[in-house]
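Undergrad:
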Amino acid sequence: MKNQFKLTKPCANCPFRNDESAIHLEPGRREEIIEGLLSGQDMTFHCHKTVYREDGRNFDEEGNYHPKDICQCPGAAAVARKYGRDTVMVQVATRMGVIPENHYDSALDLTIDKDQLNVDPQKAKI
């Protein structure tokens, strides 16, 4: 479980970064991710670079996805925290002592702010 929290800052092109290096997602996709995390509907969001590792370790011989080595997305975790709520997996890991409460604090200044998203308060349950 601890390896899931190895990353503490968003990757160079994390879609939640607040600079020009962030990859662009389909319109509304960032909001959808954050709404799912805030509502608890989605327990976590994984870093795209660890899901689709270049060495293919998260896929079997037939190309089926079988995650073995994935990490929480620090960018998504930091944005959720900006809304005053940690993701479910971050809450669990913090309560179990796997990570400290300030684990993603270094990601806060690197990620987009709430006013840069159009999150639906009803969907996000905020």
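All letters in the sequence shown, in the order written, are residues 15 to 140 by the working numbering.
C-beta atoms are modelled at their ideal positions from N, C-alpha and C, and glycine is treated no differently.
CA-CA distance, H62 and C28?
TA: Their Cα atoms are separated by approximately 8 Å.
Undergrad: What are the start and end residues of each continuous alpha helix (DSSP H) run of 4 or more residues lying completely inside the region 61-130, in chain order?
TA: If we require 4 residues or more, the alpha helix (DSSP H) runs fully inside the region 61-130 come out as 62-65, 88-96, 102-109, 119-122.
Undergrad: Suppose contacts are defined by Cβ-Cβ distances below 8 Å. Is G50 in contact with V102 by that definition?
TA: no
Undergrad: For R31, which option in Y97, V106, C87 has the closest C-alpha, if you only look at C-alpha atoms?
TA: For the residues Y97, V106, C87, the minimum Cα distance to R31 belongs to C87.
Undergrad: Just to confirm my understanding: we take H142, look at its own chain, exclude 5 residues before and 5 after, and list those with CB closer than 8 Å. What are they?
TA: Since the first residue of the chain shown is 15 and the last is 140, residue 142 is not available in this structure.
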